[in-house]
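S.K.: Chain order of the listed sequences is A and B. full-length UniProt numbering puts the first residue of the first sequence at 1, with every later residue one more than the last. full-length UniProt numbering puts the first residue of the second sequence at 1, with every later residue one more than the last. Where is the CB? At the ideal position from N, CA and C, for every residue including glycine. Computed from a predicted structure; not experimentally measured.
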Amino acid sequence: MATLLLEDLRKSFGSTPVLHGIDLALASGEMLVIVGASGCGKSTLLRLVAGLEVPTAGRIVLDGRDVAGLDPAARDIAMVFQNYALYPHMTVFENMAYGLRIRGLTRDAIRKRVGEVAELLGLGGLLARKPRQLSGGQRQRVAMGRAIVREPKLFLFDEPLSNLDAKLRVTMRAEIRRLQRRMGVTSLYVTHDQVEAMTLGDRLLVLHLGRPVQFATPMEVFERPADTYVAGFIGAPAMNFLAGRLGHGGSAVELDIGVTIPFADGRRPGPDGRKLTIGIRPEHVQPDPAGLALQVDLLEPLGSETVVIGRLPGGEMLSVKVAKADAPTEAMQVSFPAAHIHVFDAEAGLRLDATA
Amino acid sequence: MERRTIFPGIALPMLLVLPQLLLTVVFFLWPAGQAIWSSMTRADPFGIRTQFVGLENFADLFSDPLYVDSIGRTVVFCAAVTALSMGLALLLAVYADREIRGRGFYRILLIWPYAVAPAVSAVLWILLLHPQIGLVGRWLNRAGVQWNYKLDGTQAMLVVIVASAWKQVSYNFIFLLAGLQSIPRAVIEAARMDGAKGWFRFRTVVLPLLMPTVFFLLVVNLVYSAFDTFGTIQALTQGGPGKATETLVVKVYRDGVVNLDIGSSAAQSVVLMLGVIVLTVLQFRFLGRKVAE
Ligand SMILES: Nc1ncnc2c1ncn2[C@@H]1O[C@H](COP(=O)(O)OP(=O)(O)O)[C@@H](O)[C@H]1O
Ligand SMILES: [Mg+2]
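#1: Less than 8 Å between C-beta atoms, sequence neighbours within five positions excluded: which residues of the same chain meet that for residue 330 of chain A?
#2: Tell me, please, which residues DSSP counts as bridged to residue 333 of chain A.
#3: Can you pull the chain A residues whose beta carbon is under 7 Å from the beta carbon of residue 194 of chain B, in chain order?
#4: Considering only their Cβ atoms, is the gap separating residue 252 of chain B from residue 272 of chain B smaller than 8 Å?
#5: Compute every distance between the C-beta of residue 158 of chain A and the non-hydrogen atoms of ligand 2, then say whether any falls below 7 Å.
#6: Does the Cβ of residue 233 of chain A lie closer than 7 Å to at least one heavy atom of ligand 1?
#7: Name, please, each residue of chain B whose Cβ falls closer than 7 Å to the Cβ of residue 79 of chain A.
#8: Under 8 Å between beta-carbons, which chain B residues line up against residue 88 of chain A? List them in chain order, please.
#9: Strictly closer than 5 Å from CB to any heavy atom of ligand 1: give me those residues in the order they appear in the chain.
#10: Where do the N-terminal and C-terminal ends of the beta strand (DSSP E) with residue 260 of chain A fall, by residue?
#11: Where residue 249 of chain B and residue 226 of chain B are concerned, what is the direct C-alpha to C-alpha distance, given to the nearest angstrom?
#12: How would you label residue 98 of chain A, buried or exposed, when you count the other beta carbons within 10 angstroms and need 16 or more for buried?
#13: Going by Cα to Cα distance, which pick from A:233, A:218, A:286 is closest to residue 322 of chain A?
#14: Is the closest heavy atom of ligand 4 to the C-beta of residue 257 of chain B under 7 Å?
#15: Using a cut-off of 7 Å between C-beta atoms, extract the partners of residue 160 of chain A located in chain B.
#16: Less than 7 Å between C-beta atoms, sequence neighbours within five positions excluded: which residues of the same chain meet that for residue 52 of chain B?
#17: Residues in its own chain within less than 6 Å of residue 245 of chain B by CB, not counting five upstream and five downstream?
#18: Between which two residues does the alpha helix (DSSP H) holding residue 126 of chain A run?
#19: Are the C-beta of residue 163 of chain A and some C-beta of chain B separated by less than 8 Å?
#20: Given this structure, state the Cα-to-Cα distance separating residue 326 of chain B from residue 189 of chain B, to the nearest angstrom.
#21: Is residue 319 of chain B close to chain A? Criterion is C-beta to C-beta, closer than 8 Å.
#22: Got a sec? Which residues, its chain only, sit under 7 Å from residue 298 of chain A by beta carbon, not counting five neighbours each side?
#23: Using the three-state DSSP reduction, which class does residue 51 of chain B fall into: helix, strand or coil?
#24: With distances taken from CA atoms, which of A:140, A:55, A:241, A:8 is nearest residue 96 of chain A?
#25: Below 6 Å CB to CB, which residues in the same chain sit around residue 73 of chain A once its five sequence neighbours on both sides are set aside?
#26: Span of the beta strand (DSSP E) holding residue 154 of chain A?
#27: Check the Cβ-Cβ distances between residue 190 of chain B and every residue of chain A, and say whether any is below 8 Å.
#28: Closest to residue 247 of chain A by CA distance: which of A:221, A:239, A:237, A:258 is it?
#29: Cutting at 8 Å between CB atoms, please list the residues of its own chain near residue 110 of chain A, excluding the five before and the five after it.
#30: Starting from residue 36 of chain B and walking both ways along the alpha helix (DSSP H), at which residues does that stretch end?
#31: Using only CA atoms, which one of A:124, A:219, A:184, A:69 lies nearest to residue 27 of chain A?
#32: Please list, in chain order, the chain B residues whose beta carbon lies closer than 8 Å to that of residue 131 of chain A.
#33: For residue 341 of chain B, count neighbouring Cβ atoms within 10 angstroms of its own Cβ and tell me buried if that reaches 16, exposed if not.
#34: Where does residue 390 of chain A sit, in a helix, a strand or coil, going by DSSP?
#35: With contact counted as at least three CB pairs below 8 Å, one residue from each stretch, are the region 161–168 of chain B and the region 81–100 of chain B in contact?
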């Protein structure tokens with residue numbers, strides 16, 4: 001168990017900056033999930049912490065010690081790679097025992113320790129197999145086992161579930177969470193999957209093009225997204241955005257589609273006419289016979305619910321999540337409840353909170 | 001996916017493989033058949049009559065201490081050439097695999113020797129090692145070493161081993177480098193995170209994953225050193241001094257072409273041919289297994 005502190009961590013490959021200053025602090029035993037689209041620098045961040053890449057600037061402090069110059073071997077960190085990276089020529093047992101062998105444990109101690117972890121992961125019967133004789137889920141478990149068995153200070157997970165099928169992903173997700181809680185190892189978990197991010201993390205760091213955009217609990221990220229990028233990235237189906245302007249002395253928004261919505265929680269700063277982006281999640285759009293007409297383009301049944309994708313009179317796309325029984329065939333009327341709208345500045349995309 | 005074209009009839013397919021078949025027959029089956037036939041005949045001292053003697057040439061061969069010596073010499077030579085060229089190539093490949101500046105240039109330099117003809121390479125080695133005119137040779141003599149590979153059998157053996165190995169380093173280098181690069185980087189990184197360093201990591205992770213390539217090259221190098229080094233040896237020492245560098249191929253040439261003992265020479269060729277066949281089968285086995293996995 002250990003704490004991890006990153007201070008203004010930067011990385012450029014040649015003249016291409018990939019990470020623009022990451023700051024974060026992990027408490028002992030905490031699981032932090034870093035979420036972001038492909039190519040935003042998640043793997044690079046993990047590799048910096050692991051010591052596989054050298055940072056361009058910034059500090060990495062593990063348990064109070066600056067590990068900047070240290071070899072990966074000396075950092076006592078374990079990593080679960082996206083494609084598992086098992087040693088193909090070694091059996092499951094040897095894969096897990098490798099790190100212990102290097103640490104000079106006795107043969108008996110190794111056998112005992114690997115046996116315990118294998119039992120924990122349900123790998124007991126597979127110890128003599130080679131990786132190529134295992135299914136994807138089993139390989140994934142071995143990769144986890146190899147990391148766990150060493151009892152490292154820090155776990156790094158680089159999209160460990162992305163190569164599994166959907167069902168297995170759900171079970172493994174729960175299992176990772178259970179193991180992490182039980183062992184209490186400080187963990188950094190990287191994913192591009194927002195569901196994984198929401199369910200796994202104590203806290204989330206949303207990364208966008210190498211910049212941290214929000215660092216908060218999953219619920220807070222969902223309920224109060226820091227900007228339009230986060231708002232659109234977290235939540236499925238994605239949030240709707242509509243253009244509008246500040247009006248009525250800052251107490252309401254006049255949407256370009258001709259609807260005025262008074263803010264439920266207070267005034268927003270700025271002069272009337274300030275350009276705004278209003279976000280509303282599909283599940284919050286209200287079917288309302290007195291509302292705006294929505295021309296249905298497409299229905300996406302999800303089982304008990306249906307996502308309606310349609311167009312407002314001005315041509316703006318809008319998706320609405322309704323109960324299966326309420327699914328329209330051609331058109332429906334909708335309104336936007338004031339309590340559920342998110343207000344963003346149109347230029348910078350940043351969230352605008354009510355001024356008291 | 002496998003794609004197969006089925007030709008109608010028999011004439012066209014036959015026509016298409018004919019050139020290859022013709023080449024095989026003219027340049028391999030025919031001379032090989034002739035060698036097998038010759039190996040069972042013996043000419044009288046004046047070369048006027050030849051008579052069929054069955055396997056007598058082979059019996060003579062294996063009871064001839066000179067031939068047995070030559071086998072031993074060839075084994076030593078092959079082992080040394082293979083070990084030296086593969087060891088050196090592995091070392092170079094490991095360094096070329098790293099992220100270094102000027103890597104492309106370095107690689108081209110290493111691949112070059114492969115394009116040099118045996119005779120040319122031999123001349124280069126003579127220019128280096130000749131006791132009177134060679135750079136290294138003169139330096140050795142000045143440093144007090146009695147260097148003259150034209151008189152000293154051990155030195156001659158060293159020279160042909162080094163020259164033969166040098167020529168094969170490029171080939172080995174290319175394969176070993178490709179082998180190293182096909183090892184997933186993440187596996188090496190996983191080993192680094194597990195705490196494995198330097199030689200230990202190389203021995204426990206890199207080398208085992210390189211084994212298929214190493215086995216393949218082992219066979220190729222044995223074939224090379226046993227059969228393809230004739231040009232190099234002939235140009236450097238002609239098998240001498242005495243018989244110090246007379247490997248099996250050189251002996252075939254000396255007995256057949258120089259001493260005109262066609263029967264014995266043919267029997268030796270047949271033995272060598274069997275050797276090649278065994279090694280080739282081995283090689284295909286290894287290749288086949290690699291592909292099957
Ligand atoms: N070794 C490298 N050399 C140059 N560019 C790299 C290297 N590694 C990653 N990048 C670039 O850095 C960016 C972030 O990559 P990565 O961290 O792998 O993203 P993610 O894991 O979030 O998908 C990408 O644009 C990628 O092309
Ligand atoms: Mg990645």
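M.R.: The answer reads as follows:
#1: 295, 296
#2: A:293
#3: 98, 99, 102
#4: yes
#5: yes
#6: Because no heavy atom of ligand 1 lies under 7 Å away, the Cβ of residue 233 of chain A does not count as near it: no.
#7: Taking a Cβ-Cβ cut-off of 7 Å, the neighbours of residue 79 of chain A in chain B comprise 193, given in sequence order.
#8: Under the 8 Å cutoff, chain B gives 187, 209.
#9: Qualifying residues come out as A:13, A:18, A:38, A:39, A:40, A:41, A:42, A:43, A:44.
#10: 260–262
#11: 7 Å
#12: buried
#13: A:286
#14: Ligand 4 is absent from the structure shown, which contains only ligand 1 and ligand 2.
#15: Result: empty, since nearest Cβ-Cβ is about 12 Å, beyond 7 Å.
#16: Residues of the same chain with a CB within less than 7 Å of the CB of residue 52 of chain B, apart from the 5 flanking positions on each side, are 40, 41 in chain order.
#17: The answer, listed in chain order, is 156, 157, 160, 233, 237, 239.
#18: Where residue 126 of chain A is concerned, there is no enclosing alpha helix (DSSP H), given that its DSSP letter is neither H nor E.
#19: no
#20: Here chain B covers residues 1 to 293 and nothing more, so residue 326 of chain B does not appear.
#21: Any property of residue 319 of chain B remains undetermined from this structure, which presents chain B solely from 1 to 293.
#22: 309
#23: Three-state result, residue 51 of chain B: strand.
#24: A:140
#25: none
#26: 154–158
#27: yes
#28: A:258
#29: 97, 100, 101
#30: Counting along the chain, the alpha helix (DSSP H) containing residue 36 of chain B begins and ends at 30–38.
#31: Of all alpha-carbon atoms in A:124, A:219, A:184, A:69, the one lying nearest the alpha-carbon of residue 27 of chain A is that of A:184.
#32: Within 8 Å Cβ-Cβ: nothing; residue 131 of chain A doesn't reach chain B, min ~10 Å.
#33: No answer is possible for residue 341 of chain B: it lies beyond the span of chain B, which begins at 1 and ends at 293.
#34: Residue 390 of chain A lies beyond the stretch modelled for chain A, which goes from 1 to 356, so this question has no answer here.
#35: yes
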